[in-house]
Amino acid sequence: MVRPKGPRCAAVSAWASIEQDDGGRTHYVRDPEGRMLGMITGGQRYNAATDAQNSTLALAEDGTESSDPDVAYDYTPYGQTEATTAGSGDQAAQTNPFTYTGAYELDNGDKALGHRYLSQRTHRFTQQDPSWQENNLYTYAACDPINKCDPSGLVALGVGDLCTLGGLGFTGAGFLLWAIGVSGPLAAGVIILGVAWEVMCFGYWIAQKEEAARKM
């Protein structure tokens, strides 16, 4: 794959595209937070399923059952990727470089995470932390990749942090729609969705605290 177009990780644009080696182009559809919703390649549309860390779990050709995807992904904690394909999944897997935490995966397996690259061989960043927030400037996700991720290469985020950011993103998008004069009901609906998301995240945080207290 050559010439990625658009952000490599946590994209905010609705579309990004990559020119393939054969001259074709694959287009990617994303939500306002950069989570991949699907891709169009070779005239076929595939819908994507992602997890809380934004890793792509599966790709299913439009119109097929989600329980029988064309591509299913498995990951080690530090992002070694294995794709299981069926049907037209071979082509989809070959043209989708956005896998672990939604990051762009290079041919050698390294992941482009915002300001830095995560080495598949060492499980560490290949550059020092430019924000100097970590005692060890090369560690990824505070050495806890199951519960945290670092899509920007600047700060490790837990699942709760990602949930909160998602809610803020929806709320901000709603106010932006309202500001540019988009339909009032649509803007209000997006704002309500963002607030509801934040409430859900707060409930999740409280539940986690209560569970931790019971175990003490």
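For what it's worth, our numbering labels the leading residue of the sequence shown as 421, then goes sequentially. The C-beta atom is built at its ideal place from N, Cα and C for all residues, glycine as well. Here the structure is a predicted model, which is why all the values come from computation and not from measurement.
Determine the closest residue to R445 out of G454, Q464 and P452, with distance taken between C-alpha atoms. It is Q464.
Per DSSP, which residues does H447 bridge with? Please list them. S437 and I460
By the 10 Å Cβ neighbour count, where 16 or more other Cβ atoms means buried, how is A513 classified, buried or exposed? buried
Beta carbon of G573, beta carbon of G534: below 9 Å? yes
Considering just the uninterrupted stretch of the beta strand (DSSP E) at A472, what are its terminal residues? Careful: A472 lies outside any beta strand (DSSP E) and carries neither H nor E.
Using the C-alpha atoms, what's the distance from T476 back to A468? A straight-line Cα-Cα distance of about 7 Å links A468 and T476.
What does DSSP give as the partner residues of V491 in its beta bridges? L479 and T505
Report yes if the C-beta distance between C569 and L577 is below 9 Å; otherwise report no. yes
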